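Visitor:
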Amino acid sequence: MSDKKKLKREQIIQCSLELFASRGFYSTTIPDIAKSLKMSVGNMYNYFKSKDILASEIIKYISIYLGEKLKEINEEDISTKEKTRKIVEMYFKTASLKPEMIDYFLRIYLSNREVFKDSCEGMLCVNEFVTEIMIYFEEGVKCGDLREQDFFSAFGLFMGYLGGMVFLKGENILPKDLNDYVEDITFNIYKALCAE
Amino acid sequence: MKTKMKILWLSAISCNGNTHSFLNYPYMEQFLDDFEFIYHPVIDSKYLLQDIVSKQIACDILLIEGAISKEYKRADVSIVEIIEKYSKIVQKIVTVGTCATFGGIFRESGYENASGLHFDQEKKLEDFKYLLDKTISLSGCPIHPEILANTLYAIKKSATLRLDNFLRPKEFYAYTVHNGCTRNEYFEYKVDNHKFGELEGCMYYEHGCQAPFTHGSCNKILWNEVSSKTRVGLPCMGCTEPSFPRQNLFSTKKNMSIPESLPVGVNKRVYLTLAGITKAFKIDRLEKKLFDD
Numbered sequence: 000m001s002d003k004k005k006l007k008r009e010q011i012i013q014c015s016l017e018l019f020a021s022r023g024f025y026s027t028t029i030p031d032i033a034k035s036l037k038m039s040v041g042n043m044y045n046y047f048k049s050k051d052i053l054a055s056e057i058i059k060y061i062s063i064y065l066g067e068k069l070k071e072i073n074e075e076d077i078s079t080k081e082k083t084r085k086i087v088e089m090y091f092k093t094a095s096l097k098p099e100m101i102d103y104f105l106r107i108y109l110s111n112r113e114v115f116k117d118s119c120e121g122m123l124c125v126n127e128f129v130t131e132i133m134i135y136f137e138e139g140v141k142c143g144d145l146r147e148q149d150f151f152s153a154f155g156l157f158m159g160y161l162g163g164m165v166f167l168k169g170e171n172i173l174p175k176d177l178n179d180y181v182e183d184i185t186f187n188i189y190k191a192l193c194a195e
Numbered sequence: 000m001k002t003k004m005k006i007l008w009l010s011a012i013s014c015n016g017n018t019h020s021f022l023n024y025p026y027m028e029q030f031l032d033d034f035e036f037i038y039h040p041v042i043d044s045k046y047l048l049q050d051i052v053s054k055q056i057a058c059d060i061l062l063i064e065g066a067i068s069k070e071y072k073r074a075d076v077s078i079v080e081i082i083e084k085y086s087k088i089v090q091k092i093v094t095v096g097t098c099a100t101f102g103g104i105f106r107e108s109g110y111e112n113a114s115g116l117h118f119d120q121e122k123k124l125e126d127f128k129y130l131l132d133k134t135i136s137l138s139g140c141p142i143h144p145e146i147l148a149n150t151l152y153a154i155k156k157s158a159t160l161r162l163d164n165f166l167r168p169k170e171f172y173a174y175t176v177h178n179g180c181t182r183n184e185y186f187e188y189k190v191d192n193h194k195f196g197e198l199e200g201c202m203y204y205e206h207g208c209q210a211p212f213t214h215g216s217c218n219k220i221l222w223n224e225v226s227s228k229t230r231v232g233l234p235c236m237g238c239t240e241p242s243f244p245r246q247n248l249f250s251t252k253k254n255m256s257i258p259e260s261l262p263v264g265v266n267k268r269v270y271l272t273l274a275g276i277t278k279a280f281k282i283d284r285l286e287k288k289l290f291d292d
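Same order as they appear, the protein sequences are chains D and C. Here the first sequence is numbered in numbering that gives the first Met the number 0, starting from 0 and rising by one per residue. Here the second sequence is numbered in numbering that gives the first Met the number 0, starting from 0 and rising by one per residue.
As structure tokens, this is what we get:
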């Protein structure tokens, strides 16, 4: 894919994310996205053959984005507790700077599984992100910081918690900024997962 | 009259498992026509152990079975002295089995300073360093009889054997035990519903199978020419490796559901990405019994 085409593809994804967040997934059509980008509908289909394909590609794009951020944290020579804090910070920072990204993950991907059933079986479209979370857990147990347990019981605790906080923020229920919760949430997650 | 190669089979700290395994070699008659044991623990031989230790009998190949310790004696002579004496006159030395190669079970048993001839598990030893060029390691608990016989024939024919870092012939040890396993499809698609004694499922995820990271030809040169551990539903126990025997051979050590030992040479990120993809799909054929009566 040429750089120009790659850039256009990212512009479409970013614009779609914003429109889905403001108008809702089902109310936003491909012509709406094309119009917003001043593109012809025909040209839009050169990039994404259908709205379902666009939906799957967006979740993969988010997974790669978050996966790369997590990989950087995983590769740092720091304690598991420090990694935990950095992951919480990174997730909340993404939710603040790119709220449409986390919003898409929570409100569209997780809530409309019928859209993703054909191309995103299991964790196929969020593989990069889940792989890095697995590495964070595995290395934490291996070095003795984290308690051995089933992956999903730990994964649910970690991501459910972060997702829940971002959801509350999105509903304007949180009285404080997400960043103000980083310390307490890091403490809670680490305390729940640590070996002692 | 044809000249037979002369072999000394020397037992150090051993259970004689390799001795017995070798008796299953299917072409023993032919073998004994080409080779002669000057001494063997169970096969009739010309000399007694007393003769071996008190004299120096002509010999071409020294086979050592069992772990080595300075304190251990055979016929009242230190095993180390016997090895030193015969290593000078033989063309080749072969460590037969994992104890003679890495220390194995007898090293684990805590016998004083027991190790392999050149290795204490993975650690290279200084003691017999001058013999490194003469030695071939054949690890395994026990050794596969055909691997031993084929190595001896290679020596007889002066064939060059390329060796790995533990002096094991690559011909037999460049493969993993996973290579040729009849359960490979279950591994590929992460179907881990194995139950002991059943034909279905991969044993890597739950039941401690070490085949993907164990070097050997068990699924390529079959045992008794018909089968292997993994084919009949027993996990590979990694018996050819310096780390043998590990703990808990029937369960897989995992960290947060991720196997601690991954297939040899496979990066963790690569493994988890592939596993994540294949786990997303359910292959009905592999979920069912093979014989669904």
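Each residue gets a CB set at the ideal place from its N, CA and C atoms; glycine is no exception. Only a predicted model underlies this, so the values are computations on that prediction, with no experimental measurement involved.
1. Between S242 (chain C) and chain D, is the shortest Cβ-Cβ distance under 7 Å, so that the two count as touching?
2. For chain C, find out if any of its Cβ atoms is closer than 7 Å to the Cβ of M122 (chain D); answer yes or no.
3. Could you name the residues of chain C that N111 (chain D) contacts, counting a contact when the two beta carbons are closer than 8 Å?
4. Along chain D, which residues have their Cβ under 9 Å away from the Cβ of F280 (chain C)?
5. Examine chain C for any beta-carbon lying closer than 7 Å to the beta-carbon of K59 (chain D), and answer yes or no.
6. Let's test the definition: count the other Cβ atoms within 10 Å of the Cβ of L61 (chain C) and tell me whether it reaches 16, buried, or not, exposed.
7. So, does the CB of K116 (chain D) fall closer than 7 Å to a CB anywhere in chain C?
8. Let's test the definition: count the other Cβ atoms within 10 Å of the Cβ of D163 (chain C) and tell me whether it reaches 16, buried, or not, exposed.
9. Quick one: which chain C residues come within Cβ less than 9 Å of I134 (chain D)?
10. Using the three-state DSSP reduction, which class does D119 (chain C) fall into: helix, strand or coil?
11. Are the CB atoms of A66 (chain C) and G109 (chain C) within a distance shorter than 7 Å?
12. Looking at K278 (chain C) and K189 (chain C), is the spacing between their C-beta atoms short of 7 Å?
13. How about I63 (chain C) and P244 (chain C): are their beta carbons less than 7 Å apart?
14. Which residues of chain D have a Cβ atom closer than 9 Å to the Cβ of N254 (chain C), listed in chain order?
15. Which first and last residues belong to the beta strand (DSSP E) in which K5 (chain C) is found?
16. Can you give me the start and stop residues for the beta strand (DSSP E) that Y38 (chain C) sits inside?
17. Could you work out which residue in C:K84, C:P40, C:E70 and C:D191 is closest to V52 (chain C) when comparing CA atoms only?
18. Quick test of the definition: if touching needs 3 or more C-beta pairs under 8 Å, does the region 18 to 38 of chain C touch the region 144 to 161 of chain C?
19. If you drop the 5 nearest sequence neighbours on each side, which residues of the same chain put their C-beta closer than 6 Å to that of V79 (chain C)?
20. With H, G and I counted as helix, E and B as strand and the rest as coil, what does DSSP make of H19 (chain C)?
21. Does chain C have any CB closer than 7 Å to the CB of F150 (chain D)?
22. Would T83 (chain D) pass as an interface residue toward chain C - the criterion being a Cβ-Cβ separation below 7 Å?
23. Please classify T213 (chain C): does DSSP put it in a helix, a strand, or coil?
24. Rounded to whole angstroms, how far is the Cβ of F165 (chain C) from the Cβ of P234 (chain C), which I believe are closer than 8 Å?
25. What does DSSP give as the partner residue(s) for P258 (chain C) in the beta ladder?
26. Confirm, please, whether the CB-CB distance from V140 (chain D) to M4 (chain C) is below 7 Å.
27. Just to confirm the assignment, what range does the alpha helix (DSSP H) spanning T239 (chain C) have?
28. Quick one, are the C-beta atoms of T27 (chain D) and L18 (chain D) less than 7 Å apart?
29. Going by C-alpha to C-alpha distance, which of D:G121, D:Y180, D:M100 and D:T130 sits closest to K70 (chain D)?
30. Interface residues of chain C around A153 (chain D) at Cβ under 7 Å?
31. Quick check on DSSP: helix, strand or coil for R167 (chain C)?
32. Starting from the beta carbon of I276 (chain C), find every residue of chain D whose beta carbon is closer than 8 Å, and list them in chain order.
33. Hey, how far is the Cα of K196 (chain D) from the Cα of L273 (chain C)?
34. Using the C-alpha atoms, what's the distance from T150 (chain C) back to P40 (chain C)?
35. Mark M133 (chain D) as exposed unless 16 or more other C-beta atoms lie within 10 angstroms of its C-beta, in which case mark it buried.
36. Determine the contact status of R106 (chain C) and S136 (chain C), defining contact as a CB-CB distance below 7 Å.
Guide: Result, derived from the coordinates:
1. The residue you call residue 242 (chain C) lines up with position 243 of the second sequence. S242 (chain C) has a beta carbon lying at 7 Å or more from every beta carbon in chain D.
2. As a working mapping, residue 122 (chain D) is identified with position 123 in the first sequence. At least one chain C Cβ lies under 7 Å of M122 (chain D).
3. The residue labelled residue 111 (chain D) in the question sits at position 112 within the first sequence. The contacting residues do not exist; N111 (chain D) stays about 18 Å from chain C at best.
4. Translated into the one-based positions of the second sequence, residue 280 (chain C) becomes position 281. Those within 9 Å of F280 (chain C) in chain D are E120, G121 and L123.
5. Start at 1 with the first residue of the first sequence, and residue 59 (chain D) comes out as number 60. No - not a single Cβ of chain C is within 7 Å of the one on K59 (chain D).
6. Locating residue 61 (chain C) in the second sequence gives position 62, counting from the first residue. Looking at its Cβ environment, which holds 16 or more other Cβ atoms inside 10 Å, L61 (chain C) is buried.
7. Indexing the first sequence from 1 puts residue 116 (chain D) at position 117. Not one chain C Cβ lies under 7 Å of K116 (chain D).
8. The sequence position of residue 163 (chain C) within the second sequence is 164, counting from 1. So D163 (chain C) ends up on the exposed side.
9. Residue 134 (chain D) sits at position 135 when you count from the first residue of the first sequence. Residues of chain C with a Cβ closer than 9 Å to the Cβ of I134 (chain D) are, in chain order, I257, K267, R268 and L271.
10. Numbered from its first residue, the second sequence carries residue 119 (chain C) at position 120. DSSP places D119 (chain C) within a strand segment (E or B) once states are collapsed to three.
11. Translated into positions along the second sequence, residue 109 (chain C) becomes position 110. Translated into positions along the second sequence, residue 66 (chain C) becomes position 67. Not closer than 7 Å, so no.
12. Counting from one through the second sequence, the residue named residue 189 (chain C) turns up at place 190. Counting from one through the second sequence, the residue named residue 278 (chain C) turns up at place 279. In this structure, K278 (chain C) lies closer than 7 Å to K189 (chain C) by Cβ.
13. As a position in the second sequence, residue 63 (chain C) is number 64, starting the count at 1. As a position in the second sequence, residue 244 (chain C) is number 245, starting the count at 1. No, the Cβ-Cβ distance between I63 (chain C) and P244 (chain C) is not below 7 Å.
14. Counting from one through the second sequence, the residue named residue 254 (chain C) turns up at place 255. At a C-beta separation below 9 Å, N254 (chain C) has these neighbours in chain D: F136, E137, E138, G139, V140, K141, L145 and E147.
15. Walking along the second sequence from the start, residue 5 (chain C) turns up at place 6. Segment M4 to S10, the beta strand (DSSP E) holding K5 (chain C).
16. Position 39 of the second sequence, counted from the first residue, corresponds to residue 38 (chain C). Run containing Y38 (chain C): F34 to Y38, per the beta strand (DSSP E) assignment.
17. As a first step, residue 52 (chain C) must be located in the second sequence, where it is residue number 53. Here the closest residue by C-alpha is C:K84.
18. Below 8 Å, enough C-beta pairs join the region 18 to 38 of chain C and the region 144 to 161 of chain C to call them touching: three or more.
19. Here residue 79 (chain C) corresponds to residue number 80 of the second sequence, with the count starting at 1. Sequence-distant Cβ neighbours of V79 (chain C) in its own chain, meaning closer than 6 Å and more than five residues away, are K69.
20. The residue given as residue 19 (chain C) occupies position 20 in the second sequence. Of the three classes helix, strand and coil, the one that applies to H19 (chain C) here is helix, per DSSP.
21. Against the first sequence, residue 150 (chain D) aligns to sequence position 151. True, the Cβ-Cβ gap to chain C drops below 7 Å.
22. For the purposes of this step, residue 83 (chain D) is taken as the residue at position 84 of the first sequence. False, the Cβ-Cβ gap to chain C never drops below 7 Å.
23. On the second sequence, position 214 is the one that residue 213 (chain C) refers to. Looking at T213 (chain C) - three-state DSSP - the assignment turns out to be coil, as it is neither helix nor strand.
24. As a working note, residue 165 (chain C) is residue 166 in the second sequence. As a working note, residue 234 (chain C) is residue 235 in the second sequence. Actually they are not in contact, since the Cβ atoms of F165 (chain C) and P234 (chain C) sit about 22 Å apart, beyond 8 Å.
25. Taking the second sequence and counting its residues from 1, one reaches residue 258 (chain C) at position 259. Beta-bridge pairing links P258 (chain C) to C:K253.
26. Your numbering for residue 4 (chain C) matches position 5 in the second sequence. Your numbering for residue 140 (chain D) matches position 141 in the first sequence. In this structure, M4 (chain C) lies away from V140 (chain D), with their beta-carbon atoms at least 7 Å apart.
27. Your numbering for residue 239 (chain C) matches position 240 in the second sequence. From DSSP, T239 (chain C) is part of no alpha helix (DSSP H); its letter is neither H nor E.
28. As a first step, residue 27 (chain D) is located in the first sequence; it is residue number 28 there, counting from the start. As a first step, residue 18 (chain D) is located in the first sequence; it is residue number 19 there, counting from the start. Result yes, Cβ atoms of T27 (chain D) and L18 (chain D) sit closer than 7 Å.
29. Within the first sequence, residue 70 (chain D) is the residue found at index 71, counting from 1. Of the candidates D:G121, D:Y180, D:M100 and D:T130, the one whose C-alpha sits nearest the C-alpha of K70 (chain D) is D:T130.
30. Along the first sequence, one-based indexing puts residue 153 (chain D) at 154. At a C-beta separation below 7 Å, A153 (chain D) has these neighbours in chain C: M255.
31. Here residue 167 (chain C) corresponds to residue number 168 of the second sequence, with the count starting at 1. Assigned with DSSP and collapsed to three states, R167 (chain C) falls in coil, not helix or strand.
32. Residue 276 (chain C) sits at position 277 when you count from the first residue of the second sequence. L123 and N126, listed in chain order.
33. In the structure as shown, chain D starts at 0 and stops at 195, and residue 196 (chain D) therefore has no counterpart that could be examined.
34. Indexing the second sequence from 1 puts residue 40 (chain C) at position 41. Indexing the second sequence from 1 puts residue 150 (chain C) at position 151. Taking the CA atoms as reference points, P40 (chain C) sits about 20 Å from T150 (chain C).
35. For the purposes of this step, residue 133 (chain D) is identified with residue 134 of the first sequence, where counting begins at 1. Buried, since its Cβ has 16 or more Cβ neighbours within 10 Å.
36. As a working mapping, residue 106 (chain C) is identified with position 107 in the second sequence. As a working mapping, residue 136 (chain C) is identified with position 137 in the second sequence. No, they are not a contact pair.
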